[in-house]
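Here the structure is laid out as structure tokens; the discussion comes afterwards.
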Amino acid sequence: LTQDELKKIAAYKAVEFVQSGMVLGLGTGSTAKHAVDRIAELLRHGKLTNIVGIPTSKKTHQQAVSLGIPLSDLDSHPVVDLAIDGADEVDPDLNLVKGRGGSLLREKMIESATKKFIVIVDETKLVSRVGATGAMPVEVVPFCWKFTQDRLQGMFGYAGCAAKLRRDAGGEPFVTDNKNYIVDLFFEKDIGDLKVASDAILRLAGVVEHGMFLDMATTVIVAGELGVTIKNK
Ligand code: DER
Numbered sequence: 027l028t029q030d031e032l033k034k035i036a037a038y039k040a041v042e043f044v045q046s047g048m049v050l051g052l053g054t055g056s057t058a059k060h061a062v063d064r065i066a067e068l069l070r071h072g073k074l075t076n077i078v079g080i081p082t083s084k085k086t087h088q089q090a091v092s093l094g095i096p097l098s099d100l101d102s103h104p105v106v107d108l109a110i111d112g113a114d115e116v117d118p119d120l121n122l123v124k125g126r127g128g129s130l131l132r133e134k135m136i137e138s139a140t141k142k143f144i145v146i147v148d149e150t151k152l153v154s155r156v157g158a159t160g161a162m163p164v165e166v167v168p169f170c171w172k173f174t175q176d177r178l179q180g181m182f183g184y185a186g187c188a189a190k191l192r193r194d195a196g197g198e199p200f201v202t203d204n205k206n207y208i209v210d211l212f213f214e215k216d217i218g219d220l221k222v223a224s225d226a227i228l229r230l231a232g233v234v235e236h237g238m239f240l241d242m243a244t245t246v247i248v249a250g251e252l253g254v255t256i257k258n259k
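Start counting at 1 in the sequence shown, then tack on 26, and there's your number in UniProt numbering.
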């Protein structure tokens, strides 16, 4: 099975938990894309009715519009029944790294407001520690981003941190849906207590939000070569 086939299997399994009448958080990324496609398919065939989608990015908003999924936002629906989204990393405690696609702020807003948060991954996303496979993204304001980046790097010096402004193909700073920048943190070693790390990052005035989703996932669906595993918090 290819990685994308595994992503699709995890996504379809998650959509089995969707019930008619739900307000749904629609995730962002190549795995969540399959879930959004599947929800639209079930709506089209009348298998699901009366669904309202809350998209976690402009990209997912566009996908859902093109598929005819009715959409709204957190202002109109401050409580979400179920959110389905991918992740870049899942640790043994079901803590997540998200945001390598640049959508962490809206994802975290919506997934903090949901009753049930199902994470869908292929087995390559399972890690022993945060940062094992790549960046832990931090959304920062553009004003004096270098100051913020240097403060972040210094804060995690003990873990061999390298902080890098995310840039687009043209070398310009990547700009999020919220008109902010992303500083990617690369940790050579375990950063230790994640809650302490999270609080330290959020204390920096130039930081908007970071990509560690701690104690937020209620269920993680993992699709692997040997089958699908469902991990509950
Ligand atoms: O950017 C994000 O948070 C995405 O959900 C990411 O974490 C997963 O993207 P993928 O499904 O394309 O790997």
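We put the beta carbon where it would ideally sit given N, CA and C, even for glycine.
Beta-carbon within less than 6 angstroms of residue i's beta-carbon, same chain only, minus the 5 sequence neighbours each way: which residues are those?
| i | result |
| --- | --- |
| Ala40 | Ala61, Ile110, Ile144, Ile146, Ile247 |
| Leu74 | Ser46, Leu68 |
| Gly237 | Val123, Lys124, Gly125, Leu130, Met162, Pro163 |
| Lys34 | His60 |
| Lys257 | Val246 |
| Ser138 | none |
My guess is that residue i and residue j are in contact by the Cβ rule of under 8 angstroms, so how many angstroms apart are they, rounded?
| i | j | result |
| --- | --- | --- |
| Lys141 | Leu108 | 7 angstroms |
| Leu191 | Val209 | 6 angstroms |
| Gln175 | Ala189 | 5 angstroms |
| Ala243 | Leu120 | 5 angstroms |
| Leu178 | Leu228 | About 11 angstroms separates the two Cβ atoms, so there is no contact after all. |
| Lys134 | Phe239 | 6 angstroms |
| Gly112 | Gly183 | 31 angstroms between Cβ atoms; not a contact. |
| Thr28 | Ala58 | That pair is no contact at about 17 angstroms. |
| residue 274 | Ala37 | Within the shown structure, residues of the chain are numbered from 27 to 259, placing residue 274 beyond reach of any answer. |
| Gly232 | Cys187 | In fact, because the Cβ distance is near 16 angstroms, the residues do not count as touching under 8 angstroms. |
| Gly127 | Gly55 | 5 angstroms |
Does at least one heavy atom of the ligand DER sit under 8 angstroms from the Cβ of residue i?
| i | result |
| --- | --- |
| Asp203 | no |
| residue 14 | Only positions 27 to 259 of the chain appear in the structure, and residue 14 is not among them; the question remains open. |
| Thr57 | yes |
| Thr54 | yes |
| Glu133 | yes |
| Ser129 | yes |
| Ala90 | no |
| Gly112 | yes |
| Gly250 | no |
| Gly237 | yes |
| Lys172 | no |
| Gly221 | Note on residue identity: the sequence assigns Lys, not Gly, to residue 221. Not so, every heavy atom of the ligand DER lies at least 8 angstroms from the Cβ. |
| residue 16 | It is not possible to answer for residue 16, since the shown part of the chain is limited to 27 through 259. |
| Arg126 | yes |
| Lys84 | no |
| Lys39 | no |
| Lys151 | yes |
Tell me the DSSP bridge mates of residue i?
| i | result |
| --- | --- |
| Phe212 | Ala188 |
| Val106 | Thr140 |
| Ala249 | Asp148, Val254 |
| Met162 | Leu211 |
| Val123 | Glu115, Met238 |
| Leu52 | Pro81, Ile110 |
| Arg193 | Pro199 |
| Val233 | Val166 |
| Leu97 | Gly79 |
Take residue i and list the residues in its own chain whose beta-carbon comes closer than 7 angstroms to its own, dropping the five residues that flank it on each side.
| i | result |
| --- | --- |
| Val234 | Leu131, Glu165, Val166, Val167, Asn206 |
| Ile136 | Gly51, Ile80, Thr82, Leu100, Val106, Ala109 |
| Met48 | Ile77, Asp107, Leu108 |
| Glu198 | none |
| Met181 | Ala226 |
| Phe43 | Leu108, Ile144 |
| Thr202 | Gly128, Leu131, Glu165, Ile208 |
Suppose the cutoff is 8 angstroms on Cβ atoms and the five residues either side in sequence are ignored; what does the same chain contact list for residue i look like?
| i | result |
| --- | --- |
| Gly250 | Leu32, Asp148, Glu149 |
| Pro118 | Ser154 |
| Ser98 | Val49, Val78, Gly79, Ile80 |
| Asn204 | Leu131, Arg132, Glu165, Val234 |
| Ile95 | Leu52, Val62, Ile65, Ala66, Leu69, Ile77, Gly79 |
| Pro104 | Ala139 |
Quiz item: Quick check: the stretch 213-230 against the stretch 150-160, are there 3 or more CB pairs under 8 angstroms?
Solution: The stretch 213-230, when compared against the stretch 150-160, does touch it at the 8 angstroms Cβ threshold.
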